[in-house]
Amino acid sequence: LLAIRALGIGHSRSGLRVLDMIRAGDWLTSQGLLENGYAVVGEGRLGVEALKTAAFDVRVKSVVAVRTLASYRLITDNPYYNQFQHFWTPGALKDYDIPDLPALVAPRPTAFIGAVDHMTRPLGKTDLLQRFAWAKASYSMAGNADDLVLDAEADPIRICQKVVDVLRRILAHPHRIVA
52 LLAIRALGIG
62 HSRSGLRVLD
72 MIRAGDWLTS
82 QGLLENGYAV
92 VGEGRLGVEA
102 LKTAAFDVRV
112 KSVVAVRTLA
122 SYRLITDNPY
132 YNQFQHFWTP
142 GALKDYDIPD
152 LPALVAPRPT
162 AFIGAVDHMT
172 RPLGKTDLLQ
182 RFAWAKASYS
192 MAGNADDLVL
202 DAEADPIRIC
212 QKVVDVLRRI
222 LAHPHRIVA
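Residues in the sequence shown are numbered consecutively from 52, following the numbering used here.
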């Protein structure tokens with residue numbers, strides 16, 4: 052119902068979530084808590100919103116999408132799917148697909164860990180690298196190829212460990228974070 056109401060006022064549900072995250076950043080800034088920016092971590096469909104937030108807000112210094120759908124095409128190209136709420140993003144495939152989003156964040160550190168397909172199954176490494184080839188090329192052109200982490204890990208415990216590792220790596224090298 053919220054998704055339908057959001058469209059009625061000219062916004063998508065995804066867009067409203069992104070605005071909420073940006074406004075949270077505004078509030079944290081107003082409290083003096085974001086001197087050096089912030090990281091955004093989104094799990095599931097919120098991974099897409101985390102990527103969009105980073106694309107629109109330069110204060111986001113790094114973003115991690117965890118167990119997130121790797122492409123809207125996985126839904127539209129298959130008769131069955133176990134991914135919901137993505138269809139409330141009007142015009143998404145006309146303008147972009149999920150693998151395009153990291154290129155909008157480049158060269159800031161970005162990780163896509165444990166990507167899933169249309170049935171919420173782990174996506175294989177080969178498919179993940181193929182889908183995100185353009186984004187990876189964007190990072191390479193910016194001289195930051197290692198700052199786009201594409202990891203097909205499927206084990207939940209190892210996914211958590213990898214998210215922590217990515218965030219630690221970013222914090223350990225603050226000079227690599229673009230101002």
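Glycine included, every Cβ here is placed at the ideal spot set by N, Cα and C. Owing to the predicted nature of the structure, the values given are computational and were not obtained by experimental measurement.
Bridge-paired residues (DSSP) for residue i
i	result
residue 163	116 and 201
residue 89	111
residue 94	117
residue 173	167
Buried versus exposed call for residue i [16 or more other C-beta atoms within 10 Å across all chains shown]
i	result
residue 72	buried
residue 103	buried
residue 142	exposed
residue 89	buried
residue 83	exposed
residue 134	buried
residue 101	buried
residue 214	buried
residue 11	Nothing about residue 11 can be read from this structure; the chain reaches only from 52 to 230.
residue 98	buried
Near the ligand FMN: residue i beta-carbon under 7 Å from a heavy atom
i	result
residue 214	What this structure holds is no ligand at all, so the ligand FMN is not there to describe.
Distance CB(residue i)-CB(residue j) smaller than 8 Å
i	j	result
residue 113	residue 161	yes
residue 190	residue 184	no
residue 153	residue 165	no
residue 201	residue 180	yes
residue 159	residue 144	no
residue 156	residue 105	yes
residue 186	residue 150	yes
residue 93	residue 127	no
residue 85	residue 68	no
residue 108	residue 66	no
Whole-Å CB distance - residue i paired with residue j, under 8 Å assumed
i	j	result
residue 210	residue 117	6 Å
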